[in-house]
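Below is one structure; the comments refer to it alone.
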Amino acid sequence: MEKKRIYLSSPTMHGDEQRYVQEAFDTNWVAPLGPNVNAFEKEIAEYTHCGYAAALDSGTAAIHLSLKLLGAGQGDVVFVSDLTFSASCNPIRYENATPVFIDAEPDTWNMSPEALKRAFEKYPHPKAVLCVHLYGTPAKLDEIMAICEEHHVPLIEDAAESLGSTYKGRHTGTFGTYGIYSFNGNKIITTSGGGMFVSAREEAAKKVTFLATQARDPARHYQHSQIGYNYRMSNITAGIGRGQLMHLEEHKAKKKAIYEQYREAFADIPELTMNPLNPDGDANCWLSCMTIAEECKVTPDMIMDALAEENIETRPIWKPMHLQPVFAEYDFIPYNEDGSSVGEDIFDRGLCLPSDIKNTPEDMGLIIGIVRRFFR
Ligand SMILES: *Cc1c(COP(=O)(O)O)cnc(C)c1O
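Letter by letter, the sequence shown follows residues 30 to 405 in this note's numbering.
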């Protein structure tokens, strides 16, 4: 018999999503825009206190338009987190700008303020700093913001993985000049696919909406004085998002409980360490991850293989951007003075554990049992 599949992080639907989608069908607001889009933007703005929001069809599109607003282009340097998913930096290349990868630090696995300082010594005038909150853990925002302010460089927060996480009581994504969220399939809430641009500046959200709808000038005929994009979220998708947002706090509580359960279960194994949480923040614990001590003979691959045998899904840590063939020509600013990389070390020794909020106590017991077997 096929073993039950245990997922890394699959969509969890509640029924409210269907209600909003049904409403869209009933009123024939199937396309293009409609009341769900406006309401979803308003509800995200109210939940995060971000000011203004623009609903797009992906988080990647939101990053792209953030860079567009700042005018990043040929010859411009953008400092970006090195330990992340490629979607954080692909848009830098869409605009022919130059990414410079900033290493992670060990305390939160996010952009190192020390490495960022050193990057400014080498490249004094970057167009932007693009900082990720990895796996839902807030970066060291006070330090990073202070450096950005000192150099008068805008901060873009890639909060794709950290919707619902706060830093000193304020939502991640709302600290920078611009912030972005993702509603991709495995994120903490999902619209099947989608993203949100957020900013305290109303003009910015308006401009993003304009660019995302083919940059049509206000005229009766079709008039365009800029290149536009087809990046807007649909009314059906936004309906799913509205239903999901109602359950975000519940998802966060369950994700945190999963993290806690792993932490307690592995507390007596000195070779195992859970991914760090920022003590100045409250993380949504989107994915629970762990690292294995350097001197230990157990490897992440061994654990991932053993779990896969039982039809349990895991994922390696994101492979750092400076190690990606597609970005090989770009500069990397390491955390360590000796040139070694914290992100690479985390990648070598870490893995993402199943963090699906539908996991039963039996599922969690099974996963924990398999991992523990390696350390007897
Ligand atoms: C998911 C993700 C994105 C991209 O979001 P999409 O909605 O899939 O385009 C960007 N950055 C990070 C860190 C992500 O995890």
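We put the beta carbon where it would ideally sit given N, CA and C, even for glycine.
Backbone CA spacing between residue i and residue j [nearest angstrom]
i, j, result
"ILE269", "ALA90", "19 Å"
"ASN213", "SER39", "10 Å"
"ALA82", "GLN353", "32 Å"
"MET319", "GLU342", "15 Å"
"LEU159", "THR113", "11 Å"
"ARG271", "SER211", "14 Å"
"ILE173", "ALA126", "21 Å"
"LEU274", "ASN57", "23 Å"
"LYS216", "PRO349", "20 Å"
"LYS326", "ASP334", "15 Å"
"PHE356", "HIS250", "42 Å"
"THR220", "CYS118", "23 Å"
"ASP105", "GLY44", "46 Å"
"SER369", "ILE209", "30 Å"
"GLN394", "GLU289", "Sequence inspection shows Gly at residue 394; the Gln mentioned does not correspond to that position. When rounded, the distance between both Cα atoms is 13 Å."
"PHE132", "ASP374", "Reading off the sequence shown, one finds Asp at residue 132, where the question assumed Phe. Those two C-alpha atoms are separated by around 11 Å."
"GLU324", "ILE298", "14 Å"
"GLU75", "ALA233", "17 Å"
"VAL237", "ASP330", "42 Å"
"TYR258", "THR328", "44 Å"
"ILE332", "PHE403", "8 Å"
"ILE287", "ILE218", "16 Å"
"VAL182", "LYS283", "37 Å"
"GLU178", "GLU46", "41 Å"
"LYS71", "GLY63", "13 Å"
"HIS253", "TRP138", "43 Å"
"ASP246", "ARG122", "27 Å"
"GLY222", "PHE239", "20 Å"
"GLY198", "ALA229", "17 Å"
"VAL109", "LYS97", "16 Å"
"LYS285", "GLU278", "10 Å"
Check: residue i C-beta below 6 Å from any heavy atom of ligand 2
i, result
"GLY257", "This structure does not include ligand 2; its bound ligands are ligand 1."
Cβ-Cβ distance between residue i and residue j below 7 Å
i, j, result
"LEU85", "TYR260", "yes"
"ASN65", "ALA53", "yes"
"ARG401", "LEU37", "no"
"GLY372", "ASP111", "yes"
"HIS351", "PHE130", "yes"
"ASP136", "PRO390", "no"
"GLY224", "SER87", "yes"
"LEU316", "SER384", "yes"
"LYS32", "GLU339", "yes"
"HIS93", "PRO128", "no"
"ILE321", "ARG378", "yes"
"ALA241", "GLN255", "no"
"LYS156", "LEU99", "yes"
"LYS146", "ILE176", "yes"
"HIS162", "ALA188", "yes"
"ALA116", "VAL107", "no"
"PHE376", "ILE397", "no"
"ASP367", "ILE35", "no"
Reduced DSSP category for residue i - H, G, I as helix; E, B as strand; rest coil
i, result
"PRO329", "helix"
"GLY208", "strand"
"MET174", "helix"
"ARG405", "coil"
"LEU112", "coil"
"MET275", "coil"
"MET225", "strand"
"PHE295", "coil"
"ILE321", "strand"
"ARG378", "helix"
"GLU339", "coil"
"ASN67", "helix"
"PRO305", "coil"
"ASP360", "coil"
"HIS154", "coil"
"PRO183", "coil"
Own chain residues within Cβ distance below 6 Å of residue i, not counting five before or after
i, result
"PRO167", "SER194, TYR196, THR201, ASN307 and GLY310"
"PHE295", "LEU301"
"GLN103", "ASN125"
"ASP360", "VAL129"
"GLY165", "GLU190, SER191, SER194, ALA312, ASN313, CYS314 and TRP315"
"ILE73", "ALA82 and MET225"
Cutoff 7 Å; reference residue i; Cβ partners in own chain excluding five residues on either side
i, result
"THR203", "THR77, HIS78, CYS79 and VAL227"
"ARG292", "MET303"
"LEU170", "TYR196 and PHE204"
"THR41", "HIS280, ILE386 and LYS387"
"VAL50", "ILE265, GLY268 and ILE269"
"ARG48", "GLY272"
"ILE399", "ALA335, LEU336 and GLU339"
"HIS180", "PHE149"
Contact set for residue i: own chain, Cβ-Cβ below 8 Å, skip 5 residues either direction
i, result
"GLU453", "Here the chain comprises residues numbered 30 to 405, so residue 453 is not present and cannot be evaluated."
"CYS381", "LEU37, TYR164, LEU316, SER317, CYS318, THR343, ARG344, PRO345 and ILE346"
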